[in-house]
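Chemist:
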Amino acid sequence: FFCKKKKELSTKRVSTFNLHKKIYSPRTRRTMLIKAIALSTLALFGAANAETTRTETESKAKDLLRIPMYKVSDHEYINRFLIKEREALIAVHNIESTLTAPRNLRGNEDAVKEGKDESEIIKDYANAQYYGVVKIGSPPQEFQVIYDTGSSNLWVPEVGCVHCGYKWIHGGKNKYDSKTSDSFVEDGSEFSIQYGSGAVSGVFAKDTVVLADDITVDNQKFATIHDAAGMGLAYTFAYFDGILGLGFDSISVGGAETVFHNAIDQGKVEKPMFAFYLGDNADGELTFGGYDDEKFEGDELTWVPLSDATYWRIDMDAVKIGLFSVGPSDAIVDSGTSLITGPSVDILAIALEIGAKPTLTGQYTIDCEKVEDLPEMTWTIAGKEYTVPGKNLVIQSGGMCIFAMMGMDFPKPGPQWILGDVFMREYYTVFDYEEKRVGFAKAL
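Below, the structure written as structure tokens:
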């Protein structure tokens, strides 16, 4: 995946996305939670992301271009959890098989043996919290997408898409209309991704894709979706329209070159890297073409080489919380997953260590009065310790506290852990596409 030498720097851009989080008073949260639960009931029954070094001089913050991005509030996350609990209760006879079945990031083992893995990716976006704008077409059509380092395709729903939301829920989904785009090029080959509850299907097309306001990627292959049933009910209630994958070409369905790889090849970014600064109760950013050294502590990033350039996968030395500890393992750094996931047996042991209780969805809840006393959790990566305070391992709203870790078992050669947004909020994370490495520094 080493990329060609780029054009003159004057033609390149360093672009940044801003993320925002809505903040609500406890009373408003309770009111909105009650409304959200009522709405979820209606929908259920009535609607169908080692060496320490500083590389070249980076662009200053004032030179970065920003557009708004958004973080799903904690009360909305709690609502999604409640929806999933309700679905689990309705399908109670399937609970055993659903929670104990192995999860594979690239489909089931039989499909992989049959060579079908290129069209099957298993991923649960019900836990995704961050999304931002991408524009497609000429004139540009705007979509809210999850910028996901755990996948590699760009897809959005098309006009006429079924199971693609309802106008009375967040105003419905934005849908791509090829007839209104002067730069649309028909492809027509089939696109399908298998999710936990079914398939998301459509066809491939090519069009102009704009990241921020200045990174214009020409002739980008992407998918227009005509049936999103595989995303489940969580997609209906989610604010995002589609997914923009920031992984590597090797896991791209249909062999489509990723948007970021195309941006590099077309000389549209200054450097072949992007970086996430995830806001909690403050603004955050996604920066393309470099990183912002004003968003992290100190003067240096700690670089960790990838163990595998498919997902952004790294080796880990150890994981520890309280009296629980485990030795060498590996993880993928995934902006499209809100939680931290690990082997089910390890997550269960951690839950028992801190007093968390299991739910039907496979997640855990914890007594809100114990949150401030939770022990910190430490991941040792390339000899360096990365710690997340215990209270930051909890998503809390409306008197409910969800432990932000979940058991998930991937058959080999799948990763053992996923370091999602909970980890990335604590550590500014830089993804270096050309050097195949990830950089970490304590976020400000």
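Numbering (this note's numbering), first residue to last: 890 to 1333.
Using N, Cα and C, we set each Cβ at its ideal position, and we do this for glycine too.
Less than 8 Å between the C-beta atoms of Y1065 and Q1030, yes or no?
Modeler: Yes, the pair counts as a contact, with Cβ atoms nearer than the cut-off.
Chemist: DSSP three-state call for H1115: helix, strand or coil?
Modeler: Three-state result, H1115: strand.
Chemist: Express the C-alpha separation of K1095 and G1026 in angstroms, rounding to a whole number.
Modeler: Roughly 9 Å between the two C-alpha positions.
Chemist: Look at the Cβ atom of S1141, then the Cβ atom of S1078, and state whether they are nearer than 8 Å.
Modeler: No, they are not a contact pair.
Chemist: Under 7 Å Cβ to Cβ from C1257, same chain only, skipping five residues before and after it: list those, please.
Modeler: Hits under 7 Å: Q1285, G1288, C1290.
Chemist: Are the stretch 1241 to 1252 and the stretch 1179 to 1193 touching by the rule of at least three beta carbon pairs closer than 8 Å?
Modeler: Flag = no, the stretch 1241 to 1252 and the stretch 1179 to 1193 do not touch.
Chemist: So, Q1033 versus V1106, is the Cβ gap smaller than 8 Å?
Modeler: Their beta carbons are not under 8 Å apart, which means Q1033 does not touch V1106 by this criterion.
Chemist: Do G1225 and I1104 have their C-beta atoms within less than 8 Å of each other?
Modeler: No, they are not a contact pair.
Chemist: For K1062, which of A1127, F1073, Q1018 has the nearest alpha-carbon?
Modeler: Measuring from the Cα of K1062, the nearest candidate turns out to be A1127.
Chemist: May I have the straight-line CA-CA distance separating T1318 from V961, to the nearest angstrom?
Modeler: C-alpha separation (whole angstroms): 20 Å.
Chemist: Is K1157 buried or exposed, if buried means 16 or more other CB atoms sit within 10 Å of its CB?
Modeler: Buried, because 16 or more other Cβ atoms sit within 10 Å of the Cβ of K1157.
Chemist: Per DSSP, what kind of secondary structure is Y1322 in: helix, strand or coil?
Modeler: In this structure, Y1322 counts as coil in the three-state DSSP scheme.
Chemist: I need the DSSP call for L1122, collapsed to helix, strand or coil.
Modeler: It is helical.
Chemist: Let's test the definition: count the other Cβ atoms within 10 Å of the Cβ of D1262 and tell me whether it reaches 16, buried, or not, exposed.
Modeler: By the neighbour-count rule (16 or more Cβ atoms within 10 Å), D1262 is not buried but exposed.
Chemist: Report the three-state DSSP secondary structure of L1237 (helix, strand or coil).
Modeler: L1237 falls in the helix class under three-state DSSP.
Chemist: In chain order, which alpha helix (DSSP H) runs of at least 4 residues are fully inside the stretch 1038 to 1121?
Modeler: Complete alpha helix (DSSP H) runs here, min 4: none at all.
Chemist: Grab me the residues of K1325's own chain with a C-beta within less than 6 Å of its C-beta, minus the 5 sequence neighbours each way, in chain order.
Modeler: Cβ within range, chain order: L1195, A1198.
Chemist: Could you check whether the Cβ of T1038 sits closer than 7 Å to any heavy atom belonging to the ligand COA?
Modeler: With respect to the ligand COA, the structure shown offers nothing to examine, as it has no ligands at all.
Chemist: In or out: V1089 buried (at least 16 other Cβ within 10 Å) or exposed?
Modeler: It is buried - the Cβ of V1089 has at least 16 other Cβ atoms within 10 Å.
Chemist: Quick one: residues in its chain with C-beta nearer than 8 Å to the C-beta of V1099, no 5 flanking neighbours on either side, listed in chain order?
Modeler: If we look at V1099 and ignore the five residues flanking it on each side, its Cβ neighbours are V1023, K1024, I1025, P1029, T1105, V1106.
Chemist: List the endpoints of the continuous beta strand (DSSP E) containing A1164.
Modeler: Element bounds for A1164: 1162 to 1166.
Chemist: Quick check: Y1322 and F1149, are their CB atoms within less than 8 Å of each other?
Modeler: Yes, the Cβ-Cβ distance between Y1322 and F1149 is below 8 Å.
Chemist: Are there 16 or more other CB atoms within 10 angstroms of the CB of S1081, so buried, or fewer, so exposed?
Modeler: S1081 should be labelled buried.
Chemist: If we ignore side chains and look at the alpha-carbon of each, how far apart do E1274 and F1111 end up?
Modeler: C-alpha separation (whole angstroms): 39 Å.
Chemist: Looking at the structure shown, is D1262 part of a helix, part of a strand, or coil, going by DSSP?
Modeler: Reduced to three states, the DSSP call for D1262 is helix.
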